[in-house]
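A quick write-up on the structure given underneath.
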Amino acid sequence: MTNQQLKAHCEDFIANPQDHLDWVVDMARVALASLSASNWVYVRFTDRSKNQCMKCKIAWTDGRNSVIYDDEGGPMLISNNGFERISLNGVTS
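Written out as structure tokens, the structure is:
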């Protein structure tokens, strides 16, 4: 199944919630947000307790916070001050 087909199924679940279980509609919303996110980027967390980088998609930002999705589709709300985008060679983009 292509991403476009999966997005179409998710949109159908959301548009017709009476035909599906509540948890299926909720999962369709999460999946659609993940599928609609921007291209993959690498981020480095700036919090001293997190010395790591992560491959993710940035779904949206409001100037203060962003929602990012990890490579398994798990969402995370994070402050824009909590991470910085980096390129593949480690240079800040």
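For the sequence shown, the working numbering assigns the number 50 to the initial residue and increments by one for each residue that follows.
Built from N, CA and C at the ideal position, the CB exists for glycine as well.
Computed from a predicted model, the values in this text were never measured in an experiment.
Taking a contact as a CB-CB distance under 8 Å, the pair residue 75 and residue 131 does not count as one, their CB atoms being some 26 Å apart.
CA-CA distance, residue 77 to residue 112, rounds to 26 Å.
The criterion of a C-beta distance shorter than 9 Å is satisfied by residue 91 and residue 102. Proximity to residue 53 across 82, 127, 120 peaks at 82, based on C-alpha coordinates.
The continuous stretches of alpha helix (DSSP H) do not include residue 103, which lies in the beta strand (DSSP E) extending over residues 102-110.
Short of 8 Å from the beta carbon of residue 55, and not among the five residues preceding or following it, lie these beta carbons of its own chain, in chain order: 80, 84. The DSSP-derived three-state label of residue 60 is helix. Closest by C-alpha distance to residue 123, out of 61, 134, 106, 69, is 106.
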